[in-house]
Amino acid sequence: MRRRMEINHHRTYRGKAAALLLVTAALLAGCASERTEDELSYRKIGIESMQSGDYEGALAAFDGALACCTGKITDLEIDICYYKAAAQYASQDTAGALETYNAMIDYDGKNANAYYLRGCLKLGTGDTDGAKQDFADAVKYNHSDYELYINIYKNLAAYDLAEDGTAYLNDAFSIKGNDAKSLAYRGEIYYLLGQYDNAIKELTSAIDAGSAEANLTLAQVYEAQQDTANAQTYYQAYVDAGVADSEAMNALAQIEMGKLNYSGALSYIEQGLAMENVPNRRALLQNQIICMEYTGDFAGAYEVMTAYTAAYPDDAEALREYTFLKSRVDTPAGTEVQGEVVVTEDIGTAEADSGTDGTDGADGTDSGADAGTDGSGDSGQ
Numbered sequence: 001m002r003r004r005m006e007i008n009h010h011r012t013y014r015g016k017a018a019a020l021l022l023v024t025a026a027l028l029a030g031c032a033s034e035r036t037e038d039e040l041s042y043r044k045i046g047i048e049s050m051q052s053g054d055y056e057g058a059l060a061a062f063d064g065a066l067a068c069c070t071g072k073i074t075d076l077e078i079d080i081c082y083y084k085a086a087a088q089y090a091s092q093d094t095a096g097a098l099e100t101y102n103a104m105i106d107y108d109g110k111n112a113n114a115y116y117l118r119g120c121l122k123l124g125t126g127d128t129d130g131a132k133q134d135f136a137d138a139v140k141y142n143h144s145d146y147e148l149y150i151n152i153y154k155n156l157a158a159y160d161l162a163e164d165g166t167a168y169l170n171d172a173f174s175i176k177g178n179d180a181k182s183l184a185y186r187g188e189i190y191y192l193l194g195q196y197d198n199a200i201k202e203l204t205s206a207i208d209a210g211s212a213e214a215n216l217t218l219a220q221v222y223e224a225q226q227d228t229a230n231a232q233t234y235y236q237a238y239v240d241a242g243v244a245d246s247e248a249m250n251a252l253a254q255i256e257m258g259k260l261n262y263s264g265a266l267s268y269i270e271q272g273l274a275m276e277n278v279p280n281r282r283a284l285l286q287n288q289i290i291c292m293e294y295t296g297d298f299a300g301a302y303e304v305m306t307a308y309t310a311a312y313p314d315d316a317e318a319l320r321e322y323t324f325l326k327s328r329v330d331t332p333a334g335t336e337v338q339g340e341v342v343v344t345e346d347i348g349t350a351e352a353d354s355g356t357d358g359t360d361g362a363d364g365t366d367s368g369a370d371a372g373t374d375g376s377g378d379s380g381q
């Protein structure tokens, strides 16, 4: 089973697995309240380096930022720590990350986020008991945050510990509030518990109260009930609200793919890929290739696949598909290739006698679409 951790390297709890920076307790105790221009400049360089995938450069920049301060730690230094955390995790410094969590908790024994993050990291290292204790401490010091309870559940469920996670979801109902955000979170909890009627009720109230994000969860509820029409309605409402993310775009694309509307699906995929933050880029690219093939755009699919295989060389099926597409790009239409006739107008008839049943040209609508869904959270793992 593909295991994912819902962790945030910044202020909130959403996102992929991350760690805190490798700093000593002495550094934390001695960081300054002075916010120098150099410190902010290093921070900016570090963030830009992370965005380009240069984690080594990012780590050096964040170290430089922290070296600029003396005295008492401030929010700026904490902010830099979280950014450096993501770069450290990406560079696979698990041992250093654990040392960092220990140092952060030694510095502030009530840091709920540090306990939560350390718990997520311990899950990945197989220290289940340690993770459970850290999660318990996290909610002890932050017992009124719906999102914390939800993400603890998601992490535990990802490691076949859903029963332990469900206890956190039920505990979250003790948090009160009838504002839009509270209603939306309670609706999400009901959705995760499989109580769809209650979820619809809470999420509808959240939307009426002004929560645009509740449209996304409500779409997922209807999708879980195989109500594609309502699912599409609320996915689209989420997009129209101007707060949609690349995950929603991929979901809309997959609905259109299910209806064989590959051109419409491509429109959503392109919008998703154009967003500033695209954690599910791999899934979007997989579905983009499938849709391009089904619209007969083999040259475009080959171009995307070339970039995809360079970015994800571990994908054996993609390498096989790369060879398939190359044969189409290099061969004129109407030419027989290994028992197949290349007909660019309709891929559905292009697999005349391939021995792979006609759907394998796109690597299978089942395997491709499923990979697109499952790959939505792989960027950090």
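Mapping of the sequence shown onto my numbering: residues 1 to 381, in sequence order. Ideal placement from N, C-alpha and C gives every residue a C-beta, glycine not left out.
Query, Result
"Short Cβ contact (9 angstroms threshold) for Ile152 with Phe135", "yes"
"Residue closest to Ile105, alpha-carbon to alpha-carbon, out of Ile78, Asp208, Ser91 and Ala67", "Ile78"
"Distance between beta carbons of Ala283 and Tyr268, contact taken as under 8 angstroms", "Not quite, the Cβ-Cβ distance comes to about 12 angstroms (not below 8 angstroms), so this is no contact."
"The stretch 89-107 / the stretch 139-147 touching (three or more Cβ pairs under 8 angstroms)", "no"
"Cβ distance (whole Å) where Tyr42 is taken to contact Ser91 below 8 angstroms", "The Cβ separation is near 18 angstroms, so there is no contact."
"Environment of Asp179 [buried if 16+ CB atoms lie within 10 Å]", "exposed"
"Under the three-state DSSP convention, the category Ser182 falls into", "helix"
"Gly64 and Asp93 closer than 9 angstroms at C-beta", "no"
"Lys72 in three-state terms, based on DSSP", "coil"
"C-beta contact flag for Leu123 and Gln88 at 9 angstroms", "no"
"Straight-line gap, Lys84 to Asp145 (C-alpha atoms, nearest Å)", "25 angstroms"
"Sequence-distant residues of the same chain with beta carbon closer than 6 angstroms to Met249, five excluded per side", "Tyr268, Gln271 and Gly272"
"Assigned exposure category for Gln232 - 16 Cβ within 10 Å defines buried", "buried"
"Inter-residue Cα distance where the pair is Met257 and Phe62", "43 angstroms"
"Delimiting residues of the alpha helix (DSSP H) encompassing Ser205", "Tyr196 to Asp208"
"Alpha helix (DSSP H) segment containing Glu213, residue limits", "Note, Glu213: premise wrong, no alpha helix (DSSP H); not H, not E."
"Spatially closest choice to Asp240 from Tyr196, Glu213 and Thr125, by CA coordinates", "Glu213"
"Length at least 4, wholly inside the stretch 133-188: the alpha helix (DSSP H) runs in chain order", "146-158 and 162-172"
"Tyr159 to Ala167 span [Cα, whole Å]", "15 angstroms"
"Distance CB(Tyr196)-CB(Gln226) smaller than 9 angstroms", "no"
"Backbone secondary structure at Gly296 - three-state DSSP", "coil"
"Asn198 to Ile189 span [Cα, whole Å]", "10 angstroms"
"Buried or exposed by the 16-neighbour rule on C-beta atoms within 10 Å, applied to Gln51", "exposed"
"Opening and closing residue of the alpha helix (DSSP H) in which Val243 lies", "Unbroken run through Val243: none, as it is neither H nor E."
"Proximity winner among Tyr294, Leu325, Thr295 and Gly296, relative to Tyr308 (alpha-carbon distances)", "Leu325"
"The alpha helix (DSSP H) enclosing Gln271, as first and last residue numbers", "Tyr262 to Leu273"
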